[in-house]
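Below you'll find the structure, written out as structure tokens, and then a few comments.
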Amino acid sequence: GAHDIAAGVVISSEAGCVFGTLGGERLDPAEMVRRTPITTPTFVAPPRRLQVLLRLARPLPPREGS
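Note that our numbering has the sequence shown beginning at 1, numbered continuously upward.
Written out as structure tokens, the structure reads:
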């Protein structure tokens, strides 16, 4: 539930992780909790790794027949 999400966000942010969506949007911890469930794939990573992920990650193409 919401408490589990908040706990994970607090632990991750205390460990130095940041949050961002596949669309390139950065989320602060409060926004991450407020917007859950987030409909866009979301990354939780250390700051420099998140920069790389947001630069390189792309959505999968639609499946044939979908």
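Idealized CB from N, CA, C, for every residue including glycine.
Query raised in the report: Of all the options 44, 3, 5 and 34, which has the alpha carbon lying nearest to the alpha carbon of residue 15?
Result: Checked all of 44, 3, 5 and 34; the closest Cα to residue 15 is 44.
Query - Minimum length 3: unbroken beta strand (DSSP E) runs contained in the segment 28 to 60 - result: Listed in chain order, they are 42 to 45.
Query raised in the report: Just how far apart, CA to CA, sit residue 48 and residue 11?
Result: Spanning the two alpha carbons is a distance of roughly 18 Å.
Query raised in the report: Between 23, 51, 1 and 3, which lies nearest to residue 58 when the distance is taken from Cα to Cα?
Result: Its Cα nearest to that of residue 58, the residue 23 stands out among 23, 51, 1 and 3.
Query raised in the report: Contact check, residue 9 vs residue 32 under 8 Å by CB: the rounded distance?
Result: Right, their Cβ atoms sit about 5 Å apart.
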